[in-house]
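A.B. asks: One structure follows; several queries about it will come next.
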Amino acid sequence: MDEDATEINLRFWEGMAAVHAQGGEGNYYDVEALVRRERPLGDWEERALGAVGDVAGLDVVQIQSHIGVDAIILAQRGARVTAVDFSPTALAAGRDIAQRAGVELEWVEADANALPSELDGRFDVAWVTIGAITWIEDLDVWTKGVARTLRHGGRLVMVEMHPIAQMFNTLDPLVLDGNYAFGGPEVWDEDGSYADADAKLPATKSVGFAHSLGETLTAALAADLVIERFEEHMDTEFDPRGDLLTRGDDGRYRLLLGAKSLPVLFTLVARKK
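Each residue of the sequence shown is one higher than the last, beginning at 51 in the working numbering.
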């Protein structure tokens, strides 16, 4: 590509942040419920957080925090939270929401590929949730940077899209347009958002990168992290892609090929030695 992927993605996420900050009642982000302290974490995220226990009094950094929904929820639970993102629009939205919600956080504008040294060794938990590593080209460098933020004994807690689920464009008709493992940049150019399909974005082009489960686990080991938990999840309570998964009679969303279900998310919990 002639242009740096980070610059392309920054323009894209500046527009996405402006859209998502408007999340109203019942919206994917539901900012108003967050302000009222009525917005939960996802159920797999709650399960992952169980590896840490009560976050009250802990130092938590959310990497690629976007508008800070999870960061604010964790702050509402008593954690000392630092939210890191490369989008000024996202950080401004997060500050506004946090002020309305009555919590204080530290907001850091930084590229997740090159986290500032002042974050090193400060945190008990590095929190990474759905839709983070697909924007990262060098997963080894990224993971080592995240690990640097942790104290000894601190944990990386990650709940992410499963790479199999990232491969599909549509199920009917069946179209696969993504790699399972790293294969260089994958360029998309489409309007709308997973939170609002009708949204009009000022910049529609983005660049992503596939990472297999093996690559993700190997990057954690290379960063001198001890893997404590790894799980693959076959269902979820919402569709993080917006229009890919099928909602069952039990209210759970699944990635179905005929009658067969494929993994949707995975959880990784890894401890710094």
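Using N, Cα and C, we set each Cβ at its ideal position, and we do this for glycine too.
Spell out a yes or no on whether the region 270-277 and the region 224-239 are touching, meaning 3 or more CB-CB pairs, one atom from each, closer than 8 Å.
C.D. replies: They do not touch, by the three-pair rule.
A.B. asks: If contact is defined by three or more beta carbon pairs under 8 Å, each pair taking one atom from either stretch, is the region 128-138 in contact with the region 148-158?
C.D. replies: Yes, the region 148-158 is in contact with the region 128-138.
A.B. asks: Classify Leu-306: buried if its beta carbon has 16 or more other beta carbons within 10 angstroms, exposed otherwise.
C.D. replies: For the purposes of this step, residue 306 is identified with residue 256 of the sequence shown, where counting begins at 1. That one is exposed.
A.B. asks: Does the distance from the C-beta atom of Thr-266 to that of Glu-210 stay below 9 Å?
C.D. replies: Taking the first residue of the sequence shown as 1, we reach residue 266 at position 216. Taking the first residue of the sequence shown as 1, we reach residue 210 at position 160. In this structure, Glu-210 lies closer than 9 Å to Thr-266 by Cβ.
A.B. asks: So Lys-250 packs on Asp-239, CB below 8 Å; how close in whole Å?
C.D. replies: Start at 1 with the first residue of the sequence shown, and residue 250 comes out as number 200. Start at 1 with the first residue of the sequence shown, and residue 239 comes out as number 189. Wrong, their Cβ atoms sit about 14 Å apart, outside the cutoff.
A.B. asks: For Met-217, tell me which candidate among Leu-271, Gly-128, Leu-165, Leu-315 has the shortest Cα-Cα distance.
C.D. replies: Residue numbering aside, residue 217 sits at position 167 when the sequence shown is read from its first letter. Checking every option, the nearest Cα to that of Met-217 belongs to Leu-315.
A.B. asks: Below 7 Å CB to CB, which residues in the same chain sit around Ala-67 once its five sequence neighbours on both sides are set aside?
C.D. replies: One-based indexing of the sequence shown puts residue 67 at position 17. These residues qualify, in order along the chain: His-116, Ile-117, Ser-137, Thr-139, Ala-140, Ala-143.
A.B. asks: Please determine if the region 253-272 and the region 298-305 are in contact, where contact requires at least 3 C-beta pairs separated by less than 8 Å.
C.D. replies: The answer is no - the region 298-305 does not touch the region 253-272, with fewer than three Cβ pairs under 8 Å.
A.B. asks: Count the other CB atoms within 10 Å of the CB of Glu-88; is the residue buried (16 or more) or exposed (fewer)?
C.D. replies: Working through the sequence shown from its first residue, we reach residue 88 at position 38. The residue is exposed, with fewer than 16 neighbouring Cβ atoms inside 10 Å.
A.B. asks: Could you check which residue in Arg-291, Val-207, Glu-96, Thr-317 has the C-alpha nearest to that of Asn-219?
C.D. replies: For the purposes of this step, residue 219 is taken as residue 169 along the sequence shown, with counting starting at 1. Closest by alpha carbon: Arg-291.
A.B. asks: Given 8 Å as the limit, tell me if Pro-290 has its C-beta closer than that to any heavy atom belonging to the ligand SAH.
C.D. replies: The ligand SAH is absent from the structure shown, which contains no ligand whatsoever.
A.B. asks: Mind listing, in chain order, the continuous beta strand (DSSP E) runs of no fewer than 3 residues lying wholly within the region 156-197?
C.D. replies: For the region 156-197, whole beta strand (DSSP E) runs of length 3 or above, ordered along the chain, are 156-159, 173-178.
A.B. asks: When DSSP builds the beta bridges, which residues end up paired with Phe-218?
C.D. replies: Position 168 of the sequence shown, counting from 1, holds the residue named residue 218. Phe-218 pairs with Leu-226.
A.B. asks: Between Gly-204 and Val-175, how many whole angstroms is the CB-CB distance? I'm expecting something under 8 Å.
C.D. replies: Translated into the one-based positions of the sequence shown, residue 204 becomes position 154. Translated into the one-based positions of the sequence shown, residue 175 becomes position 125. That pair is a contact at about 6 Å.
A.B. asks: Check whether the Cβ atoms of Lys-322 and Ala-269 sit closer than 9 Å, and answer yes or no.
C.D. replies: As a working mapping, residue 322 is identified with position 272 in the sequence shown. As a working mapping, residue 269 is identified with position 219 in the sequence shown. Cβ distance not < 9 Å, so Lys-322 and Ala-269 don't count as in contact.
A.B. asks: Should Pro-223 be labelled buried (16 or more other beta-carbon atoms within 10 Å of its own) or exposed?
C.D. replies: Reading the sequence shown from its first residue, position 173 is the one you call residue 223. So Pro-223 counts as exposed.
A.B. asks: For Arg-145, I'd like the list of residues in its chain whose CB is within less than 7 Å of its CB, leaving aside the five on either flank, ordered along the chain.
C.D. replies: To locate residue 145, count along the sequence shown from 1; it is residue 95. Excluding sequence neighbours, Arg-145 sits near Trp-157.
A.B. asks: Would you decide whether Val-105 is buried or exposed? Buried here means 16 or more other CB atoms lie within 10 Å of its CB.
C.D. replies: Locating residue 105 in the sequence shown gives position 55, counting from the first residue. It is buried - the Cβ of Val-105 has at least 16 other Cβ atoms within 10 Å.
A.B. asks: Have a look at Thr-199 and Asp-161 and give me their C-alpha separation to the nearest angstrom.
C.D. replies: Here the question's residue 199 lines up with position 149 in the sequence shown. Here the question's residue 161 lines up with position 111 in the sequence shown. Going by the C-alpha atoms only, they are around 14 Å apart.
A.B. asks: Based on Cα-Cα distance, which residue from Glu-57, Ala-320, Ala-55 lies nearest to Phe-280?
C.D. replies: Here residue 280 refers to the residue found at position 230 when the sequence shown is read from its first residue. Out of Glu-57, Ala-320, Ala-55, Ala-320 has the C-alpha closest to the C-alpha of Phe-280.
A.B. asks: Taking all protein chains shown into account, do 16 or more other C-beta atoms lie within 10 angstroms of the C-beta of His-261, making it buried, or fewer, making it exposed?
C.D. replies: If you number the sequence shown from 1, residue 261 lands on position 211. The residue is buried, with at least 16 neighbouring Cβ atoms inside 10 Å.
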